[in-house]
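Since the structure comes first, as structure tokens, the remarks are kept for the end.
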């Protein structure tokens with residue numbers, strides 16, 4: 002019995018049994034191995050920390066905030082939130098996602114150095 006080969010414009014069509022010789026360089030790259038986050042063994046290994054923060058006195062528009070920037074709806078900086086996308090914010094107190102279409106808010110900045118509560122002896 003004869004086998005038929007499909008020919009198109011003078012080139013042979015590859016058969017399914019032939020092995021691919023096309024090497025994709027992206028698939029040949031080594032995968033990056035990233036370290037995991039370190040975790041505390043127990044709550045007893047953790048310290049209680051208080052952060053001081055600064056709230057802007059001037060309100061800014063929602064669109065002027067960058068993603069992952071903290072803000073508050075009040076000038077005193079109470080109930081801080083974080084912008085997570087163009088239309089979403091997260092309340093830091095309860096991690097509730099809130100849909101946002103626009104508005105004004107006050108930027109909140111945490112200080113660089115936390116102050117630790119040390120037990121009084």
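Numbering (the working numbering), first residue to last: 2 to 122.
Yeah, the Cβ is synthetic: ideal placement off N, Cα and C, and Gly gets one too.
Note down the Cα distance separating residue i from residue j, rounded to an integer number of angstroms.
{"i": "residue 48", "j": "residue 39", "result": "15 Å"}
{"i": "residue 100", "j": "residue 82", "result": "12 Å"}
{"i": "residue 35", "j": "residue 29", "result": "18 Å"}
{"i": "residue 88", "j": "residue 55", "result": "24 Å"}
{"i": "residue 59", "j": "residue 75", "result": "10 Å"}
{"i": "residue 44", "j": "residue 64", "result": "39 Å"}
{"i": "residue 53", "j": "residue 111", "result": "6 Å"}
{"i": "residue 57", "j": "residue 31", "result": "46 Å"}
By Cβ distance, which residues of its chain are closer than 8 Å to residue i, with the 5 residues on each side in sequence left out?
{"i": "residue 79", "result": "73"}
{"i": "residue 1", "result": "This structure gives no information on residue 1, because the portion of the chain shown stretches from 2 to 122."}
Could you check if residue i is buried or exposed, using at least 16 other CB atoms within 10 Å of its CB as the buried criterion?
{"i": "residue 108", "result": "buried"}
Of the choices the options, whose alpha-carbon is the least far from that of residue i?
{"i": "residue 91", "options": "57, 32, 110, 70", "result": "70"}
Among the residues of its own chain, which have a CB less than 7 Å from the CB of residue i, if the five just before and after it don't count?
{"i": "residue 68", "result": "84, 85, 86"}
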